[in-house]
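In the numbering used here, the protein residues as written are 1301 to 1643.
See below for the structure under consideration.
This is the structure we're talking about:
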């Protein structure tokens, strides 16, 4: 038996106060002991470093950025804030090797890099600004929705607004140099990307199109090439849907994508050595507007946060078939968005 702790980032538009914590009990196969642990405004994304610091997005007095919190204290103890005029980031990635942090600013269209100091506090290093737009109403300007490492330790940023995936070289101090640019089909609206274990392929999720694409990654020059695309929703679904979170199993055999609108998790089987995907399951999240989802170390359980219905659903995952089965649907976390396990 194991008890895992989980941190939840949320919106604070209705009833949430900020960050919450809960436990997954692998013996009872239930979530338990939810509690409020830190007051922030719309901390929709967070990441935990190996030094046990929580880096969360924060909006405060017309400014947005990243706040550093000590995860050994309850409530969480604030150590540092990196706030500037404007809205907060949509994504935070941590580079443990170089002790860097990357933030993707959705509304600003920027990627920011920070040095993580010995005490966990941040020092701003570099800002990269994108420009452009796309054909859909949500694409009036650049919207960086993801900024994290490639398997070969470059940085990759995903721009939902301009339908682009941008690759960067990164120095030891965090300086960014654009290396390559991949353009999706117009209106694809890319949101998140994951890489195969061998680094040969990447899986790119389109929020606006509800599509999942397989891309070939070339580590020599950081370029991508489109291989194939599959839908995350049924062909006869006509109501609004926005694809959100993307997870790839450690063995590289299965991919999971959450659907906001269809309110489901789409499960894909990966075949042909990573080059092809096939949707094998669509399962209800038993709530409205599912956002992030994450799993335990063994990937035996998947936790999904439903933002609009303030509930978290727990699924068992069959590692052989890849399929999910519902275990729990009535666990309360208000306005849940981000799900991350503490180890």
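No residue lacks a Cβ here, since even glycine has one placed at the ideal position from N, Cα and C.
Across the set 1481, 1511, 1471, 1503, the C-alpha of 1511 shows the shortest separation from the C-alpha of residue 1487. Around the beta carbon of residue 1626, fewer than 16 other beta carbons lie within 10 angstroms, which makes this residue exposed. In the displayed model, residue 1499 falls within coil according to three-state DSSP, outside both helix and strand. Residue pairing for residue 1324: DSSP places it in a beta bridge opposite 1304, 1331.
Non-local C-beta neighbours of residue 1451 in its own chain, meaning closer than 7 angstroms and more than five positions away in sequence, comprise 1495, 1499, ordered along the chain. Taken in chain order, the unbroken stretches of beta strand (DSSP E) that lie wholly in the stretch 1327-1398 and span 3 residues or more are 1330-1339, 1346-1348, 1353-1360, 1363-1370, 1377-1385, 1391-1395. Taking C-alpha positions only, residue 1441 is separated from residue 1351 by approximately 36 angstroms. One Cα belongs to residue 1576, the other to residue 1423, and the distance between them is close to 41 angstroms. Between the stretch 1514-1530 and the stretch 1538-1548, the count of C-beta pairs closer than 8 angstroms stays below three; the two stretches do not touch.
Rounded to whole angstroms, the Cβ separation of residue 1391 and residue 1409 is 13 angstroms, and the two are not in contact under 8 angstroms. Non-local beta-carbon contacts of residue 1425 in its own chain, meaning distances under 7 angstroms to residues more than five positions away in sequence, involve 1413, 1414, 1415, 1473, 1474, 1475 in chain order. Taking the Cα of residue 1478 as reference, the smallest distance to any Cα among 1455, 1493, 1556 is reached at 1455.
Excluding its 5 nearest sequence neighbours in each direction, residue 1521 has C-beta neighbours in its own chain below 8 angstroms: 1479, 1480, listed in chain order. At a Cβ-Cβ threshold of 8 angstroms, residue 1345 and residue 1309 count as neighbours. Boundaries for residue 1533: no beta strand (DSSP E) harbours it, and the DSSP string shows neither H nor E there. Cβ neighbours of residue 1467 within its own chain (closer than 6 angstroms, five residues either side excluded): 1454, 1456, 1479, 1480, 1522. In this structure, 1400 is the residue among 1400, 1528, 1503, 1541 with its C-alpha nearest to the C-alpha of residue 1471. With fewer than 16 other Cβ atoms inside 10 Å of its own Cβ, residue 1303 counts as exposed. Listed in chain order, the non-local C-beta contacts of residue 1469 below 7 angstroms within the same chain comprise 1454, 1477, 1479, local neighbours out to five positions each way being set aside.
Here residue 1528 is exposed. Its C-beta has fewer than 16 other C-beta atoms within 10 Å. Between residue 1395 and the set 1366, 1348, 1581, 1524, the nearest pair of CA atoms involves 1348.
Shown here, residue 1581 sits in a strand according to DSSP, grouped into three states. Counting only runs of 3+ residues, the beta strand (DSSP E) found wholly inside the stretch 1411-1454 occupies 1422-1429, 1444-1449, in chain order. Annotation for residue 1420: 1349, 1351, 1353, 1368, 1370, 1379, 1380 place their beta carbon closer than 8 angstroms to its own, counting only its chain and skipping 5 residues before and after. Across the structure, residue 1311 and residue 1360 are spaced so that their CA atoms are roughly 14 angstroms apart.
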